[in-house]
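Trainee: Quick note, the sequences are listed as chains A and B, same order. Note that my numbering has the first sequence beginning at 11, numbered continuously upward. Note that my numbering has the second sequence beginning at 376, numbered continuously upward. Every residue, glycine too, gets a C-beta built ideally from N, C-alpha and C. A quick note: this is a predicted structure, and the numbers were derived from the prediction, not measured. Below is one structure. I have some questions about it.
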Amino acid sequence: MVGSPVLFVAIPLLTAFLIPLFAYIWKELVRIIPGIVILYLLVLSVSLYGQVLREGTIVEQIAGWAPPWGINLVFSPFTGLLSTLMLFMAFIIWMYSYRFKNIDFEPSKKYFILLLMLVTGSIGIVLTGDIFNQFVFIEIMSISGYGLTAFYVGRDSAEASFKYLIMGSISSMFLLLAIILIYSQLGTLNMADIASKAHLMKPEFKILALIFFILGLGIEAEIFPLNGWAPDVYSQAPGPIGAAFSGIVVKAGIYALIRVIYTLFDVEGSLQFLVIIGMITLIIAEMAAIRQDKIKRMLAYSSIGQMGLVLVAFGIGTHEGVFAALFLMVSHALIKPLLFLSGSYLVFNSTEKSIKELNGLGKFMPLTSFLFALGAIAIVGLPPLSGFWAKWSVLTAAANSGMLLVIGLVLAISIVEIVYYFRVVNRIYFFKKEESVVPKIPTINAKFAMVILAVIIVAIGFYPDLITSYLHEASETLLDKGNYIQNILSVAQQVTQ
Amino acid sequence: MKKVLVLLLLVIFGVYLADVMFSLEFGRQVFTDGVRDFYLEKSPLDLKVSNTITAIVVNFRGFDTLGEVTVLFLATTAMGGILYKKRHAAGTRSVLFSSSKIVMAGSKILFPAIILLGVYVFIHGHLSPGGGFQGGTIIATGFLLMLMAYYDYSVNHNVLTIIESLAGITFAGIGLMGLVKGGSFLENTMPVGVMNNLFSGGLIPLIYIAVGFKVGAELTGLIYTALHEKD
């Protein structure tokens, strides 16, 4: 065995506690150590993932108690894929923000602790097999999120953070109510155990628990009426944090929602609900995106819209649908951070951060502009890039399930996306530069981080087979609920025998 | 009109919620094969801990506790990060005068007693009600009392940071020790001793002592940061 899944949580926590001490030794360690830790975990995640694909799911029990009694972590082809993706994005974001807040030492120490914990919380949500433990990780993730949002000390960022704080607290309250309901009825907190006993619950309690889960997790997953905080947070948080939200945090929220709907309960009509809520989210968010005049708000709304599309794809419910949803998640997790990272350099020196100030920057910031344009082309789904294959797989999945409305909607929305993304690209390349805007050349590590993302997007675009087999394996795992329950509870049976 | 509609919706939702929550029958036995019996049976037998809640919080679900400790750590870290600029720009303390002589003299007498009580509560977490979180909070109230009584009372921030970090490292390190010894994370690797003795329960008291130090240092730091706008 190369390592155990618990290290994904234990090592970052240990590091976070150690960072304040490292700061006394050498200040630069505060920046270097998180990167080394994330890189180590990424390597570990990749090697564990390879092992899982060969030998089957790893169920790690904590404190030596078998699943229904103790907490367990599940590293399956599905969760392993997501944790690898998150760690990779975390590494890119660390590389990008290595020089962040260089002037003040104290905030940069706190920035790296919070960033590390944001990632750890997200990975914990994905790996855990226990609903209360998931709640704890959601807390860790959102509290780091509040702190990071308010990092540019100013009125607007404090407001955004406060809004997120209020929404997040309501979200955790609903989650706690759902957990109480389930525990009072079934006497267990383990996901597999709940899934195997869910039919014993009275239907009214089951529905209410599901409603609470959707309300609570919907806030993290940014589904339509609950996503009021997202545009503010994305636009007020520092650039790399916007990228971390769109690449890591939202994915964790979606995962938790999908886990509840697919595995925990088997409620009739919840998949149709996903399709409907996803479509509403998609339409509203894209309509809002086209009206924005600030670049980061536009990207935020676009991100919400893409998450709506992911939910629609999950709602199709077939193997193809889940595959498409995962493809979309992976591709969005690569493209949207690229847009955020390059976009925040494009508006680095402008006061308004508005789209107008991007005029003609193509000549002055060639690399950043090119990467932004590449991201824009990829996210609207034009052929040679990864976004195309993601949208294509959604369309085929919808067509094979006879959901013509979804096909029409996806195509129509793509046109809307082309309009607002190409409006920006057009301004960057074909307008005359305004005098007042001073171009900002990215630091070398930021350039490196963005180029890596761009290369991967292009590579997946030309060779989608690079990842499709993994995605098929992952969607197989998610849909095979019986196997999930058996994998976890068989450990318990071995103990009692 | 809009407000009335919202109110109406909230009332409907509230009535529905109340109805379901009242029919939950809290305290009655509705499930037969839950985890409860296992915990009640195992904590005196295997762990030799008479406080079952402590056994659940620190051993069975110790991973959650590690998470909760981290939540507190993050809250202080985030607050320090956000208030940093304000603290350095303004540079004054929000409370500028001392309390009366009676309060000052009284709190000097009470302070050691409060600290002692806090330490007692977290050391005896596995024997009696209470534990690391409660004990740590009691300790922080002692410092709060001193900070309110004396306007020039100060706590060394570096010491707090070091205590906080060392306690966190102890907790996570104890967890990893189980992994190193070939078991699982946070597994009890020490002899459990005799029930109701002070030195019993394996790793449980050690973890609770770390939690007590950590919570005490963190809450004190939090109060101090909020009260002193100057470092």
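Residues of chain A with CB closer than 8 Å to the CB of B:N531, please, in chain order.
Mentor: None at all; the shortest Cβ gap to chain A is about 13 Å.
Trainee: CA-CA distance, A:G45 and A:I451?
Mentor: Cα-Cα distance, rounded: 23 Å.
Trainee: Counting only beta-carbon atoms, is B:I544 nearer than 8 Å to chain A?
Mentor: Yes, B:I544 counts as interfacial toward chain A.
Trainee: Report all residues from its chain with a CB closer than 8 Å to the CB of A:L486; omit the five preceding and five following residues, and keep chain order.
Mentor: Sequence check: residue 486 of chain A is Glu here, not Leu. Here the set comprises P87, H329.
Trainee: Note down, in chain order, each residue of its chain lying with its Cβ closer than 7 Å to the Cβ of B:G455, except the 5 sequence neighbours on either side.
Mentor: Only T600 meet the Cβ criterion.
Trainee: Does chain B have any CB closer than 8 Å to the CB of A:Q144?
Mentor: Judged by the 8 Å Cβ criterion, A:Q144 is not in contact with chain B.
Trainee: Rank A:K363, A:I268, A:I428 by C-alpha distance to the C-alpha of A:A231 and give the top, closest one.
Mentor: That would be A:I268, whose Cα lies nearest to the Cα of A:A231.
Trainee: Identify whether A:N455 lies in helix, strand or coil by the three-state DSSP scheme.
Mentor: A:N455 falls in the helix class under three-state DSSP.
Trainee: Am I right that A:T159 and A:Q246 are in contact with their C-beta atoms under 8 Å? What's the rounded C-beta distance?
Mentor: Their Cβ separation, rounded to whole angstroms, is 6 Å, which keeps A:T159 and A:Q246 in contact under 8 Å.
Trainee: Quick check: the Cα distance between B:L422 and B:Y528, rounded to an integer number of angstroms?
Mentor: Looking at the two C-alpha atoms, the distance is approximately 43 Å.
Trainee: According to DSSP, simplified to helix, strand and coil, what is B:L385?
Mentor: If DSSP states are grouped into helix, strand and coil, B:L385 belongs with the helices.
Trainee: In the structure shown, what three-state DSSP assignment does A:I233 receive?
Mentor: Looking at A:I233 - three-state DSSP - the assignment turns out to be coil, as it is neither helix nor strand.
Trainee: Residues in its own chain within less than 6 Å of B:A592 by CB, not counting five upstream and five downstream?
Mentor: So the list reads L535, I538, E539, once near-sequence residues are dropped.
Trainee: Okay, do the region 379-390 of chain A and the region 288-302 of chain A touch, 3+ Cβ pairs below 8 Å being the bar?
Mentor: Counting Cβ pairs under 8 Å, fewer than three are found: no touch.
Trainee: Measuring CB atoms only, is the region 438-454 of chain A touching the region 318-333 of chain A, in the sense that at least three cross pairs come out at less than 8 Å?
Mentor: Segments in contact, no.
Trainee: Determine whether the Cβ of A:V16 lies closer than 8 Å to any Cβ atom of chain B.
Mentor: Cβ-Cβ to chain B under 8 Å: yes for A:V16.
Trainee: Take every Cβ of the region 558-576 of chain B, pair it with every Cβ of the region 497-513 of chain B, and state whether three or more of those distances are shorter than 8 Å.
Mentor: Cβ pair count under 8 Å is three or more, so yes.
Trainee: Roughly how many angstroms separate the alpha carbons of B:L449 and B:Q509, rounded to a whole number?
Mentor: One C-alpha to the other measures close to 19 Å.
Trainee: So A:E483 is in the alpha helix (DSSP H); what residue range does that whole segment cover?
Mentor: Where A:E483 is concerned, the enclosing alpha helix (DSSP H) stretches over 475-489.
Trainee: How would you write the range of the alpha helix (DSSP H) that A:E65 sits in, first residue to last?
Mentor: Note, A:E65: alpha helix (DSSP H), 39-65.
Trainee: Name the chain A residues whose beta carbon is nearer than 9 Å to that of B:S559?
Mentor: Those are S14, V16, E70, Q71, I72, A73, G74, W75, G80, listed as they occur along chain A.
Trainee: Report the rounded CA-to-CA distance for A:V390 versus B:G543, giving the unit in angstroms.
Mentor: Looking at the two C-alpha atoms, the distance is approximately 46 Å.
Trainee: Can A:I103 and A:P250 be called in contact, C-beta distance under 8 Å?
Mentor: Taking 8 Å as the Cβ cut-off, A:I103 and A:P250 qualify as a contacting pair.
Trainee: Using a beta-carbon distance below 8 Å, is A:P44 in contact with chain B?
Mentor: False, the Cβ-Cβ gap to chain B never drops below 8 Å.
Trainee: Given A:L392, which residues of its chain have a CB within under 7 Å of its CB, disregarding the five upstream and five downstream residues?
Mentor: Taken in chain order, the residues that qualify are F398.
Trainee: Any beta-carbon of chain B closer than 8 Å to the one on A:K363?
Mentor: A:K363 does not count as touching chain B.
Trainee: Is it right to say B:F397 is buried, meaning 16 or more other beta carbons lie within 10 angstroms of its own, or is it exposed?
Mentor: B:F397 comes out exposed.
Trainee: Measuring only between beta-carbons, confirm whether B:L449 sits less than 8 Å from chain A.
Mentor: B:L449 counts as touching chain A.
Trainee: Assuming contact is defined by CB atoms lying nearer than 8 Å, are A:L348 and A:L356 in contact in what I supplied?
Mentor: In this structure, A:L356 does not lie closer than 8 Å to A:L348 by Cβ.
Trainee: Look up A:K304 in the DSSP assignment and say whether it is helix, strand or coil.
Mentor: Strand, per DSSP.
Trainee: What first and last residue would you give for the beta strand (DSSP E) that runs through A:L83?
Mentor: Run containing A:L83: 82-85, per the beta strand (DSSP E) assignment.
Trainee: Are the C-beta atoms of A:M127 and some chain B residue less than 8 Å apart?
Mentor: It does: the Cβ of A:M127 has a partner Cβ on chain B nearer than 8 Å.
Trainee: Let's see if you can read the secondary structure: which residues bound the alpha helix (DSSP H) around A:E362?
Mentor: Here A:E362 belongs to no alpha helix (DSSP H), and DSSP marks it neither H nor E.
Trainee: Output the boundary residues of the beta strand (DSSP E) element that contains B:I431.
Mentor: Per DSSP, B:I431 belongs to no beta strand (DSSP E) and is neither H nor E.
Trainee: Can you tell me whether A:T138 is helix, strand or coil according to DSSP?
Mentor: Reduced to three states, the DSSP call for A:T138 is strand.
Trainee: With a threshold of 8 Å between beta-carbons, can A:K37 be considered close to chain B, or not?
Mentor: No, its Cβ sits nowhere closer than 8 Å to a Cβ of chain B.
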